[in-house]
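A short write-up of the structure that comes next.
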Amino acid sequence: MPKPTILLALDPHSAAFCAAIKRQLQEFPAAQSCLIQTYTLTWDGQTFGFSNELDQFADTSFDLAQTHSKQAYVSKIRSQFSEATGQIQTALIELLKTASQSKEAIAAKRQGVEISSTHRIYLMLSVSNQFARGVVFDIVRLIRWLFSKYFTDIPYSLEALLLLPGLFTQATTADSGAAYTLLKELDYKMTTGVVITGAQKVAPFDNCWLMDEQIGGLRDNLPSYADALAGFLTIEPETNGLLIGTQKVRGKIPAYSAFGYGELFFPGETIINRLSAALAADIVMEQFLPKAEFTPEAIRKCLLDAKGFILSEDFSNAFLGLERDNGKPVWQDFNPRLEMRAGQAQEYGMELQRAYRQFENKELLSYKRTLENCCKQLQATLTAFLDRTINRYADATPRGLHEGARLLNILTFLYLELQTDAIGDQSQNLVTELRAAEAFLDSRLQVTIDQEATQKLLNQVLSLKLRQQQLQDILAERKSEEQLQELQTTQKQLETAIVEYRQALNAEIEQARQTRFIAIAHAREQAAAAIVSSQNHLTLTENQLETATDQLSELLAEENKFRSQYLVIYPIFLATALLGLLILTGIFSQSALWLLLQNFWANLVTYLLWTAVTILTYLGIVWLKYSTNIRDRIQKAQKQIKRLESTVKATIVELRRNYNEQLKLEYDLYAQNLRVEALNYLIKTAKQRAETLRQTLTDLSDIYNNLVAQRDQATTKFSEIRLTVLTDADIDAYYRNFLTKLTTETFTQEQISRSQAWKIPAEAFQNQLIPFARQQFEQLSNLSIGEVLKQSDLIAANTANLRLNQLYNNANLLLRIQDIDTNLNPTSQREITLWVGAKDKEQVFAFYSRFSRSLSALVAEDEQRLSILTRSLGFPAYFLSQIEFYRDCYERTQSEQIEPEENIPDLIPEEIGSGRELKLAYQKVILAIALGLLSQHSQGDYQFNGRSLGKDREQITLALATEFTFQELYGNLEERIETFERDFIYHKLQELGTSASYLNHYEGKLLDHLLSEYNPLN
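Just so we're aligned, residue 345 is where the sequence shown starts under the numbering used here, counting upward by one.
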C-alpha cells in the first residue's frame, strides 16, 4: 500500500542527490512515486527554512573541497538552530502536512488509490558535512516531538540516509574523520536515545541506511544512485525498514542497514520510439532524399527532358489554345457594313472611323478579355502539365524529388547554352521559349537582333570546355605538370569567357527589348499614318471623281445639244424649207409643181437614192464632227470616272484594311504580351515549384535529422541500476531483420507517394509517417518481459541469460560490508526480494533460485519490469569495510570534540580493532625521530640508513604498516629501537616533547602515550 513519504536533504550535496531522485521518480509508474515529496533544509547564514526548489540550493559538483571553506563549526550551527527553533517548528509542521495533503496525494485518492496512514520520513545527509552534523539531531528531536504532540494519530517512521565520504570527490582525511565523528555520536544516541519530552528518550532513527562508493562516485554515477534510491523508495514500501533489535553484537547496537536495487525492464514505448524513428528515418532517406546523379550522362538526359517538355504536344497545344475560344479563333476582322455614296467620302471616312472606335472599344476589348481568359486557362494548363511532369519525375525513382528540382532548374536556367558541350546543340527550356515568344513579331515589326557577339563568345566557351575535358582525360591517364598548368589556365579562361558571355547575353536581351519597344511604337505610327494616308487619298480621289463626273455631265449636255442641233433642228429646218418651197411653187405655179411631182415620181428611185446619199453624207459629216469634237472627250471622261471609281473602291478597301491592320496589330501585341506573360508565369511557377521541392527536401532532411535524433535519444542506456532487457544493439539488430520483411517502399505505395509529398505540409507528412512507422511495431507494446526473453528474434537465449545475471549482480548492496561476526548477528543476513509479473513468475523465479535459496518472489503489477531488492538489515557500524580507515582519520584530525563531557565509546570493539598496526607504526616513527634514527636533511625529507622516506610522517607510517617493499626496512627500524635502554628512550622522548612544536595533535597524543609507557615510575 503506498505510503506518504518525505525525503528531506540536510546539505547541498544531498539536495542535488534528492533532485536527481525526484527526476528519476518520474520514470517509475508506481502509485508510490507520486506520494514522495522532496525538500531541502536551507540556511543563508542567519535564517533556516525548507524549500522544494532543490536545484536552487543543490551543489552538483559533489566536491567536498568546495564546501570546506563554507562550513561553520558544529557548535555554532547548533546554537543558531536552537535560537530559530520556533520559526523552524512552524515550517516543519506545514512540511509534514504536505505528506498526505499534497495535490498528488489528493489526486491519487480521487482515482481510488488506497493510501496507507503510515508516514515515512527520510533525512538524507553527507556524514562529513559540518552543517548537517550540526542540525541533524535537533531536527530529529523536533520531528519526534511534533509527532508526539500534533500528529499523535499518524503512525510514522523516521529513517536516515547517510552518504559516506567515498561518494564525493576530493574527500580528505578530515572528511573521513568528520564521518567517523558523526557515526560515533549517532551510534551513541541510537544506544542511549535522544530526549523528546521530559524523561522520554527514543532512538533518533528507526533505521539508518548507509551508502558508499560501491559503484563509483556520485558525480559520475548520479543516475545510477538516483535510480537505486528511487526504486528503494517506491517498491513495496511495506518491506522497507525494520525494528532495530535489542540484541547487541560485541556491545554494539545493530542500527544500520544497507540495500541494493536492480531493475530489468522492457521499455516498450522507448523501443517502439527507437524502431519507429529508425524506420521513418530510413523511409525518408531511402525513398525521398537520395541525391540525384551529376554525371555528364545524367545532365544530358535532363537537358533532353527539358527540350522534350518544350517540344511536347501538351505544351504546343496549350499555346495554340491561347487565340481560340471554344475551338473558334478569337480574332474576327474589322468589317463594318458601310457603303460609300457618291460624293460622301468624308462622311464615309468619319463613319468608318466611328466604326473603328466602336470596334476598338467593344469587339477588340472583348477579344482582349477573351484572350485574358484563355491566358488564365493556358496558365492553368501549363501549370498542370508542369505538375504532371514533376509528379512523373518524382515517382519514377527514389531520386525523383532531387531530379525534379534539377529539371526545374534546367527549365528556368537563363544561360542554358552553357550547359551544352558541343557547338550546334539546340537545347531548349522555358527561357529560350520566352526569348522566341518575345521575338514572335520581329519579322512583322522588322526587328533584327545582332547575335554575332554572343554567338562568338558561346563558341569560345564551348571550345574551352572541350579543351578542359580533353586535358582532364589526359591527366586521368598520366600526371603531367605542364598539362596541369594548362588545365588551370584553361579553367581560368573558361571562367572569364562564361562571365563575358553572360554579360553579353544580358546586354543583347536588354538591347532586343529596347529595339522591340521602339519597333512597336514605330509600327503603331506607321499604321496610323497608313490610315491617314488612305483617308486622304480617298478624299482626293473622291474629289477627282466629282470633277470628272461634272465634266462628263457637261460633255453629255454638249452632246445632247449637238444631237438636237444637227439631227433635229437642222433636218427639220431643211425639210421645212423644202416643203415651203413646194407650197410656194404650188401657189405660184401649179403646173410647175405638177411637173416636179411627175418628175419626182418618174425618178423616184433616183431621187430617193440621191436623198439617201445626201442624208448619209450629212450624217457622216455630222458623225465626223461629233466624233472629233465630243465623243472622244466623253469617252475619256467616262474612262477617267471608271478609273477613279476603281481607285475609290480600292482606297476604301485599303482604308478598311489599314484600320483592320491597326486593330490586328493591337490584338497581336496584346496576344504577344499574354504569350510572354504565360511563359513568365510558367517560369515563375517552375521556380516556385523548384523552391517548393527544395523546401520539401529541406523539410524532409530536417524530419530525417529529427528522426535520427529521436532514435538516438530513444536509447536504452538508463543507468547501471536500471537495465533494459534489450540494448540499443539488440534493437538495431531486430530492426535490420525487420527490414527484410517490410521494405521502405511500402510507405510510398500505401501512404504518401513522392508526388504527393511535395504538395503537403511537412507537418502533415510527418503526421502520416510517424503513425505508419509506429504501427509496424505496436505488437511489441503488449509483451511481458518473460515473453521478450523468449522471443529469439528480439534477443538471443544466451543474451537473455546474461541480462538476468546482470540484474542480479547490479542488485548488490550499495555499501561494502566486512564478513565478520555474522554468526553473532543472525538478523543481519542478506535477504533478496524479486518482483515479477504473474505470467512470468514461474519462469523467472526458477532462474534466480539457482543464485540464492533465500530469494522470495512477489507479484508485480507491471509485467514489463523485473525488480530485485537486496537488503542487509541491522548490523553494527563496525561492519563497514572502511571503518578502520575512518577511525584512523578521526584520530589524526580531531579538532573539535562533540559534547566532550560525555564519554562516547568507540565504534569498533577493542578486541577486533585493526588500527593498532597503524598506531604502532606511528609510535615507531616518533621513537625513531626522538632517537635520531630518522633524520631530516636540508630539504625536509626523512632518511633511514641513507634511504629517503619522504616528508609526510603520516605517509611514512602508512607505507611502513601496509606496503610490502617497506617491511624489511620496518624490521630493521624496530631492531635498532630495541637496542636502546628504556631510560634513554624516555629522556629522548622528553626532549622531543619540549622541542618538536611541529607535531600535530594526533602525534602529540601518541607522544604522551609513549612517555607514559616508557616512564620509569610506571
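A virtual CB, placed ideally from N, CA and C, is assigned to each residue, including glycine.
Three-way DSSP call (helix, strand, coil) for residue i in this model
| i | result |
| --- | --- |
| asparagine 551 | strand |
| proline 356 | helix |
| arginine 1209 | strand |
| histidine 1281 | coil |
| arginine 1066 | strand |
| glutamine 864 | The amino acid at residue 864 is misidentified as glutamine; the sequence shows isoleucine. Note: isoleucine 864 maps to helix in three-state DSSP. |
| arginine 1160 | coil |
| glycine 693 | helix |
| isoleucine 365 | helix |
| serine 771 | coil |
| isoleucine 459 | coil |
| histidine 1353 | helix |
| arginine 1194 | coil |
| glutamine 381 | strand |
| threonine 386 | strand |
| serine 710 | helix |
| alanine 451 | helix |
| alanine 574 | helix |
| arginine 822 | coil |
| threonine 1071 | coil |
| threonine 349 | strand |
| glycine 1364 | Shown here, the chain extends from 345 to 1362; a query on residue 1364 therefore has no answer. |
| proline 673 | strand |
| phenylalanine 1121 | coil |
| serine 472 | coil |
| valine 791 | coil |
| serine 897 | helix |
| glutamine 1135 | coil |
For residue i: DSSP bridge partner residues
| i | result |
| --- | --- |
| alanine 602 | Ser1216 |
| valine 593 | Lys596 |
| alanine 1201 | Leu1178 |
| isoleucine 1104 | Answer is none; isoleucine 1104 lacks a bridge partner. |
| leucine 502 | Ile465 |
| aspartate 407 | Thr513 |
| arginine 1291 | Phe1288 |
Contacts around residue i, its chain only, beta-carbon distance under 7 Å, and the 5 residues preceding and following it disregarded
| i | result |
| --- | --- |
| glutamine 1208 | Phe609, Phe610, Gly612, Ser1128, Ile1129 |
| phenylalanine 1324 | Leu1275 |
| arginine 1118 | Ile616, Ser620 |
| tyrosine 1014 | Lys712, Leu715 |
Proximal residues to residue i (C-beta, below 6 Å), its chain only, five neighbours per side dropped
| i | result |
| --- | --- |
| glutamine 514 | Asp407, Leu408, Ala409 |
| alanine 1305 | Glu1261, Leu1262, Ala1265 |
| leucine 554 | Leu506, Tyr600, Ala602, Leu1159 |
| leucine 1336 | Ala1274 |
Close beta carbons around residue i, own chain, < 8 Å, minus the five adjacent residues each side
| i | result |
| --- | --- |
| isoleucine 540 | Arg485, Arg488, Trp489, Ser492, Val546 |
| glutamine 1334 | Leu1355 |
| threonine 386 | Phe392, Gly393, Phe394, Ser395, Phe401 |
| leucine 815 | Gln827, Glu830, Leu831, Thr834 |
Beta-carbon separation (whole angstroms), residue i vs residue j, contact threshold 8 Å
| i | j | result |
| --- | --- | --- |
| isoleucine 615 | leucine 1113 | Contact flag wrong, Cβ pair sits at about 19 Å. |
| isoleucine 619 | tyrosine 1079 | It should be noted that the sequence gives leucine, not isoleucine, for residue 619. About 6 Å; that satisfies the 8 Å criterion. |
| leucine 507 | valine 471 | 7 Å |
| lysine 1268 | leucine 1317 | 6 Å |
| arginine 668 | valine 674 | 6 Å |
| isoleucine 974 | glutamate 902 | 6 Å |
| leucine 1277 | arginine 1320 | 6 Å |
Closer than 8 Å to chain B by CB, residue i
| i | result |
| --- | --- |
| asparagine 1111 | Included in the structure is just one protein chain, with no chain B present. |
Count the CB pairs spanning the stretch 458–477 and the stretch 353–366 that are closer than 8 Å, and state whether there are at least three.
-> yes
With a cut-off of 8 Å, do at least 3 Cβ pairs link the stretch 567–579 to the stretch 1056–1072?
-> yes
State whether the stretch 775–785 contacts the stretch 748–761, with contact taken as three or more CB pairs (one from each stretch) at a distance under 8 Å.
-> yes
Counting pairs of Cβ atoms below 8 Å between the stretch 618–638 and the stretch 1135–1152, do you hit three or more?
-> no
Segment contact flag, the stretch 643–662 with the stretch 699–710, C-beta cutoff 8 Å, min 3 pairs | no
Three or more beta-carbon pairs under 8 Å between the stretch 1182–1199 and the stretch 1220–1227, yes or no?
-> no
Do the stretch 598–605 and the stretch 1088–1102 meet, that is, are 3 or more Cβ pairs less than 8 Å apart?
-> no
Any contact of the stretch 967–981 with the stretch 849–862, i.e. 3+ C-beta pairs under 8 Å?
-> no
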